[in-house]
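Everything below concerns the one structure shown next.
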Amino acid sequence: MKTKSQHALFGCLMFLALATTTSSCEKKDDGSYVAPITRYEKVQGQWQLTGLNQTDELAKSTGGSLTQVNLYGKFNFKDMKITFNVDAENNPTSYSVSGNAPELFTKEGFWQMDAAFTTGKTAKIFLYSDEAKTQKIDELEVTTMPGATTNMDLRLVRTSAGTPFLSYQFSLKPVE
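With mature numbering (1 follows the signal peptide of the UniProt record, and there is no 0) as the guide, the letters of the sequence shown map in order to residues -19 to -1, 1 to 157.
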């Protein structure tokens, strides 16, 4: 024998089931498809140097005394700018470095990244001397990727026989 409360509960459950099935047929409009943002879109453009530190990696690894020197206020680094160009599809093309600072890496060439999208590893920008991107001349680590902040940090490491002996940490902001 069913009680009134059981009939009421059964009625509520039937109503809930009916309401759920009829409302789930609605298509939700989430807007049109937009391709995911690539690393190239984040890196492309002109960047102004805001800080530059040189680190003696050998002294750092052996506990030496002088390991880091701030070069930003020296040797005309304050006017250094780096431009990473992309084509109409946001694929990397050329890069150039302007200003009167000493050349820490080749002032112009072509660039490519290790991956177009985030991989969970430190992003790398490969610098090439040729448009076909077969002659790699340098490698920059992107230690801070623009996104949550507008700034970007790059690290250039000099090695000998696979052992790092000197690195440069570039702090950059987008040119407005």
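Glycine is no exception: its CB is placed at the ideal position from the N, C-alpha and C atoms.
Quiz item: Are there 16 or more other CB atoms within 10 angstroms of the CB of T103, so buried, or fewer, so exposed?
Solution: Residue mapping note: residue 103 aligns to position 122 of the sequence shown, counting from 1. Looking at its Cβ environment, which holds fewer than 16 other Cβ atoms inside 10 Å, T103 is exposed.
Quiz prompt | Collapsed DSSP secondary structure at T43 in the structure displayed | solution = Locating residue 43 in the sequence shown gives position 62, counting from the first residue. T43: helix per DSSP, three-state reduction.
Practice problem: Would you identify the three-state DSSP class for S(-15), choosing helix, strand or coil? | Solution: For the purposes of this step, residue -15 is identified with residue 5 of the sequence shown, where counting begins at 1. S(-15) falls in the helix class under three-state DSSP.
Practice problem: Give the straight-line distance between the Cα atoms of K88 and V78, rounded to the nearest whole angstrom. | Solution: What you label residue 88 is simply residue 107 of the sequence shown in a count that begins at 1. What you label residue 78 is simply residue 97 of the sequence shown in a count that begins at 1. Rounded to the nearest angstrom, the two C-alpha atoms are 5 Å apart.
Quiz item: Between D134 and T125, which are expected to be in contact by the criterion C-beta below 8 Å, what is the C-beta distance as a whole number of angstroms?
Solution: Residue numbering aside, residue 134 sits at position 153 when the sequence shown is read from its first letter. Residue numbering aside, residue 125 sits at position 144 when the sequence shown is read from its first letter. 4 Å between Cβ atoms; contact.
Quiz item: First and last residue of the beta strand (DSSP E) that includes K154?
Solution: Against the sequence shown, residue 154 aligns to sequence position 173. Per DSSP, K154 belongs to the beta strand (DSSP E) from 144 to 155.
Quiz item: From the DSSP output, which residues share a beta bridge with S75?
Solution: Position 94 of the sequence shown, counted from the first residue, corresponds to residue 75. F91, per the DSSP bridge assignment.
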